[in-house]
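J.: In order, the protein sequences belong to chains A and B.
Every letter in the first sequence is one number past the one before it in this note's numbering, and letter 59, counting from 1, is 59.
Every letter in the second sequence is one number past the one before it in this note's numbering, and letter 57, counting from 1, is 169.
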Amino acid sequence: ETGVTQSPTHLIKTRGQQVTLRCSSQSGHNTVSWYQQALGQGPQFIFQYYREEENGRGNFPPRFSGLQFPNYSSELNVNALELDDSALYLCASRTGGRTEAFFGQGTRLTVV
Amino acid sequence: KNEVEQSPQNLTAQEGEFITINCSYSVGISALHWLQQHPGGGIVSLFMLSSGKKKHGRLIATINIQEKHSSLHITASHPRDSAVYICAVLLIQGAQKLVFGQGTRLTINP
Numbered sequence: 001e002t003g004v005t006q007s008p009t010h011l012i013k014t015r016g017q018q019v020t021l022r023c024s025s026q027s028g029h030n031t032v033s034w035y036q037q038a039l040g041q042g043p044q045f046i047f048q049y050y051r052e053e054e055n056g057r058g059n060f061p062p063r064f065s066g067l068q069f070p071n072y073s074s075e076l077n078v079n080a081l082e083l084d085d086s087a088l089y090l091c092a093s094r095t096g097g098r099t100e101a102f103f104g105q106g107t108r109l110t111v112v
Numbered sequence: 113k114n115e116v117e118q119s120p121q122n123l124t125a126q127e128g129e130f131i132t133i134n135c136s137y138s139v140g141i142s143a144l145h146w147l148q149q150h151p152g153g154g155i156v157s158l159f160m161l162s163s164g165k166k167k168h169g170r171l172i173a174t175i176n177i178q179e180k181h182s183s184l185h186i187t188a189s190h191p192r193d194s195a196v197y198i199c200a201v202l203l204i205q206g207a208q209k210l211v212f213g214q215g216t217r218l219t220i221n222p
């Protein structure tokens with residue numbers, strides 16, 4: 001039990017639709033990062049939020065956006081879904097300045 | 113070249129064998145994580161290292177900061193150890209994000 005919960009666990013969407021994935025972190029985890037893991041690949045960094053502001057972004061287009069809330073939960077939003085967005089989406093949270101990270105179980109998104 | 117490289121990418125062994133998975137990185141880090149991922153995707157954190165060696169049951173993880181290299185060892189391997197093992201480093205610069213290796217798929221046959 002990591003204390004990091006992602007929802008939903010599985011999701012099927014149609015190309016062109018929008019999706020919101022959620023991550024609930026432990027109290028005090030003011031840093032949350034999101035990753036996309038395509039089948040057979042390692043997770044790729046999408047972006048990171050620290051105290052509700054984005055402080056790092058990977059090589060993903062603007063249709064990938066996020067929010068972090070004061071209650072340590074966060075969202076990943078993807079607009080205009082494409083087939084290649086089908087992947088496992090992971091969130092990881094930690095307390096800024098500390099090195100131990102905690103991982104959610106992931107949301108598997110399938111775009112058809 | 114990826115900032116984090118793992119080897120081998122795939123490893124098949126017989127039950128009872130000693131397993132070693134390697135991770136090399138090219139960036140400055142504050143910590144290195146070894147993670148286990150089973151089919152279905154959920155990630156379990158096995159170790160977090162910033163120096164030296166850690167042991168938990170049949171698992172041992174080592175890190176050499178000077179050589180920028182870490183190894184994960186499994187002694188007396190068992191079919192239930194079959195999973196993808198991922199090395200992830202926490203960058204010391206910038207946004208201090210996690211950078212993941214591509215994973216090593218381990219299969220232990222009975």
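We put the CB at the ideal spot given by N, CA and C, even for glycine.
Considering only C-alpha positions, which residue in the set L144/B, Q149/B, I141/B and Q126/B is nearest to R217/B?
T.: As a first step, residue 217/B must be located in the second sequence, where it is residue number 105. Of the candidates L144/B, Q149/B, I141/B and Q126/B, the one whose C-alpha sits nearest the C-alpha of R217/B is Q149/B.
J.: So what does L21/A bridge to, in DSSP terms?
T.: Along the first sequence, read from residue 1 onward, the residue named residue 21/A stands at position 21. Bridge partners of L21/A: L76/A.
J.: Identify, in the order they occur along the chain, each residue of the same chain with its Cβ nearer than 8 Å to the Cβ of G95/A, setting aside the five sequence neighbours on each side.
T.: The sequence position of residue 95/A within the first sequence is 95, counting from 1. This sequence places Thr at residue 95/A; Gly is not what is there. Answer for T95/A: G28, H29, N30 and T31, listed in chain order.
J.: With distances taken between CB atoms, is the gap from E82/A to L21/A smaller than 8 Å?
T.: Translated into the one-based positions of the first sequence, residue 82/A becomes position 82. Translated into the one-based positions of the first sequence, residue 21/A becomes position 21. In this structure, L21/A does not lie closer than 8 Å to E82/A by Cβ.
J.: When the Cα atoms are used, what is the spatial distance from F69/A to E53/A?
T.: As a working mapping, residue 69/A is identified with position 69 in the first sequence. As a working mapping, residue 53/A is identified with position 53 in the first sequence. Those two C-alpha atoms are separated by around 10 Å.
J.: Consult DSSP for L90/A and reduce its assignment to one of helix, strand or coil.
T.: Translated into the one-based positions of the first sequence, residue 90/A becomes position 90. Correct three-state label for L90/A: strand.
J.: For the candidate residues A87/A, V19/A and W34/A, whose alpha-carbon lies nearest to that of S25/A?
T.: Here residue 25/A refers to the residue found at position 25 when the first sequence is read from its first residue. Here the closest residue by C-alpha is W34/A.
J.: Under a CB-based cut-off of 8 Å, is A80/A close to chain B?
T.: For the purposes of this step, residue 80/A is taken as residue 80 along the first sequence, with counting starting at 1. Cβ-Cβ to chain B under 8 Å: no for A80/A.
J.: Could you check the C-alpha separation between E115/B and K209/B for me, to the nearest Å?
T.: Residue 115/B sits at position 3 when you count from the first residue of the second sequence. Residue 209/B sits at position 97 when you count from the first residue of the second sequence. For E115/B and K209/B, the distance between alpha carbons rounds to 12 Å.
J.: Let me make sure I understand the geometry here. Which of I155/B, G152/B and L144/B has the alpha-carbon closest to that of K165/B?
T.: By one-based count along the second sequence, residue 165/B stands at place 53. Checking every option, the nearest Cα to that of K165/B belongs to L144/B.
J.: Can a CB atom of chain A be found closer than 8 Å to the CB of L210/B?
T.: By one-based count along the second sequence, residue 210/B stands at place 98. Chain A contact via Cβ: present.
J.: Can you check whether the C-beta of G164/B is within less than 8 Å of a C-beta belonging to chain A?
T.: Residue mapping note: residue 164/B aligns to position 52 of the second sequence, counting from 1. Not one chain A Cβ lies under 8 Å of G164/B.
J.: CB-CB under 8 Å to T9/A, same chain, minus the five flanking residues each way: which ones, in chain order?
T.: On the first sequence, position 9 is the one that residue 9/A refers to. Q105, G106, T107 and R108, listed in sequence order.
J.: If you compare alpha carbons, which of I204/B, T124/B and N122/B is closest to V139/B?
T.: Position 27 of the second sequence, counted from the first residue, corresponds to residue 139/B. Among I204/B, T124/B and N122/B, the Cα nearest to that of V139/B is on I204/B.
J.: Locate the beta strand (DSSP E) running through Q148/B, then write down its first and last residues.
T.: Residue mapping note: residue 148/B aligns to position 36 of the second sequence, counting from 1. Counting along the chain, the beta strand (DSSP E) containing Q148/B begins and ends at I141 to Q149.
J.: Can you give, in chain order, each stretch of the beta strand (DSSP E) that sits fully within the segment 31-61 of chain A and has at least 3 residues?
T.: Qualifying beta strand (DSSP E) stretches, in chain order: 31-37, 44-50 and 53-57.
J.: Would T219/B and S194/B be called neighbours here (beta carbons separated by less than 8 Å)?
T.: Locating residue 219/B in the second sequence gives position 107, where the first residue counts as 1. Locating residue 194/B in the second sequence gives position 82, where the first residue counts as 1. Yes, they are a contact pair.
J.: Give me the subset of the segment 49-75 of chain A whose CB atoms are less than 7 Å from a CB atom of chain B, sorted by chain position.
T.: Residues N55 and G56.
J.: Give the residues of chain A in contact with L202/B, contact being defined as C-beta atoms less than 8 Å apart.
T.: As a working mapping, residue 202/B is identified with position 90 in the second sequence. Those within 8 Å of L202/B in chain A are T99 and A101.
J.: Using 8 Å as the limit for Cβ to Cβ distance, is G106/A near chain B?
T.: Along the first sequence, read from residue 1 onward, the residue named residue 106/A stands at position 106. By this cut-off, G106/A is an interface position.
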